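In my numbering, the protein residues as written are 3 to 197.
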């Protein structure tokens with residue numbers, strides 16, 4: 003029996019390493035893409051601002067001051083809009099990569115690993131995206147507890163799973179939806195496009 007446990011641990015370690023490598027690669031690619039988009043946006047904003055300011059400097063008196071103030075305000079609005087567009091592009095790319103990942107065997111292996119690590123208890127309800135219900139039978143085999151049900155949850159759009167424990171009255175959310183939302187919040191709060 004201990005050799006089976008050793009084999010299972012080796013399998014889990016191999017899957018963890020493979021997922022860590024893939025996640026690291028995806029994050030590196032997203033960071034590289036973000037930097038290139040930011041550089042292009044900064045160059046575009048600087049060029050537009052310089053042209054507008056050069057034109058405004060030719061004007062006289064209070065009109066000049068008004069034009070400069072309006073130009074600064076317009077530039078700030080433009081930068082904010084561009085930041086929002088870039089942020090949306092970054093997260094669209096992340097969601098696309100997640101969708102591609104969900105089509106691989108590594109995704110199913112990741113769900114198995116997640117369930118094993120969560121040590122699902124008696125009578126728990128495992129919630130999956132409706133498209134992932136095809137994996138339910140395979141996932142049931144790794145759950146050691148009795149009376150565990152697998153149900154579709156239409157609020158899970160990007161994949162992963164959540165486990166509702168009726169006994170404890172808790173939900174453990176391991177969905178990509180939650181992970182992406184947390185990253186979006188962190189991204190915005192860190193002001194990722196700040197100069």
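Just so it is clear, CB atoms sit at the ideal spot from N, CA and C, and this is done for glycine as well. Since the model is a prediction, treat every value here as computed from it, not as a measurement.
For the beta strand (DSSP E) that contains residue 123, what are its first and last residues? Position 121 of the chain shown, counted from the first residue, corresponds to residue 123. Neither: residue 123 is in no beta strand (DSSP E) and is coded neither H nor E.
Taking all protein chains shown into account, do 16 or more other C-beta atoms lie within 10 angstroms of the C-beta of residue 67, making it buried, or fewer, making it exposed? Position 65 of the chain shown, counted from the first residue, corresponds to residue 67. Under this definition residue 67 is an exposed residue.
Short Cβ contact (8 Å threshold) for residue 115 with residue 163: As a working mapping, residue 115 is identified with position 113 in the chain shown. As a working mapping, residue 163 is identified with position 161 in the chain shown. Contact: no.
Go ahead and pull the three-state DSSP assignment for residue 153. Against the chain shown, residue 153 aligns to sequence position 151. Residue state, collapsed to three classes: strand.
Using a threshold of 8 Å, state whether the C-beta atoms of residue 93 and residue 186 are closer than that. If you number the chain shown from 1, residue 93 lands on position 91. If you number the chain shown from 1, residue 186 lands on position 184. Against a cut-off of 8 Å, the Cβ pair of residue 186 and residue 93 comes out as a contact.
Tell me the rounded alpha-carbon separation between residue 181 and residue 36. In the chain shown, counting from the first residue as 1, residue 181 sits at position 179. In the chain shown, counting from the first residue as 1, residue 36 sits at position 34. About 19 Å.
Given this structure, state the Cα-to-Cα distance separating residue 141 from residue 47, to the nearest angstrom. Here residue 141 corresponds to residue number 139 of the chain shown, with the count starting at 1. Here residue 47 corresponds to residue number 45 of the chain shown, with the count starting at 1. Their backbone Cα atoms lie some 51 Å apart in a straight line.
Distance, residue 166 Cα to residue 174 Cα: Here residue 174 is taken as the residue at index 172 of the chain shown, counted from 1. Here residue 166 is taken as the residue at index 164 of the chain shown, counted from 1. Here the alpha carbon of residue 174 sits roughly 7 Å from the alpha carbon of residue 166.
Starting from the N-terminal side, write out each stretch of the alpha helix (DSSP H) that is 4 residues or longer and does not extend beyond the stretch 64–146. Whole alpha helix (DSSP H) segments, 4+ residues: 107–120 and 138–142.
If distances are taken between C-alpha atoms only, which option among 191, 136 and 189 comes closest to residue 105? Along the chain shown, one-based indexing puts residue 105 at 103. Of the candidates 191, 136 and 189, the one whose C-alpha sits nearest the C-alpha of residue 105 is 136.
Reduced DSSP category for residue 168 - H, G, I as helix; E, B as strand; rest coil: Counting from 1 along the chain shown, the entry for residue 168 is found at position 166. Note: residue 168 maps to coil in three-state DSSP.
Answer yes or no: do residue 110 and residue 126 have a C-beta to C-beta separation smaller than 8 Å? Along the chain shown, read from residue 1 onward, the residue named residue 110 stands at position 108. Along the chain shown, read from residue 1 onward, the residue named residue 126 stands at position 124. No; because the gap between Cβ atoms is not below 8 Å, this pair is not in contact.
By Cβ distance, which residues of its chain are closer than 6 Å to residue 151, with the 5 residues on each side in sequence left out? For the purposes of this step, residue 151 is taken as the residue at position 149 of the chain shown. Cβ neighbours of residue 151 beyond the five flanking positions: 127.
Helix, strand or coil at residue 159 [DSSP, three-state]: On the chain shown, position 157 is the one that residue 159 refers to. Note: residue 159 maps to coil in three-state DSSP.
Where residue 113 falls, given that 16 or more other Cβ within 10 Å makes a residue buried: What you label residue 113 is simply residue 111 of the chain shown in a count that begins at 1. Residue burial is scored here from C-beta neighbours: residue 113 has at least 16 other C-beta atoms within 10 angstroms and is therefore classed as buried.
Hey, is residue 65's beta-carbon within less than 8 Å of any beta-carbon in chain C? Of the protein chains in this structure there is only one, and it is not chain C.
Out of curiosity, what's the CA-to-CA distance linking residue 124 and residue 138? Here residue 124 is taken as the residue at index 122 of the chain shown, counted from 1. Here residue 138 is taken as the residue at index 136 of the chain shown, counted from 1. In a straight line, the C-alpha of residue 124 is about 17 Å away from that of residue 138.
Check whether residue 40 and residue 91 have beta carbons under 8 Å apart: The sequence position of residue 40 within the chain shown is 38, counting from 1. The sequence position of residue 91 within the chain shown is 89, counting from 1. For the pair residue 40 and residue 91, the CB atoms are not nearer than the 8 Å cut-off.
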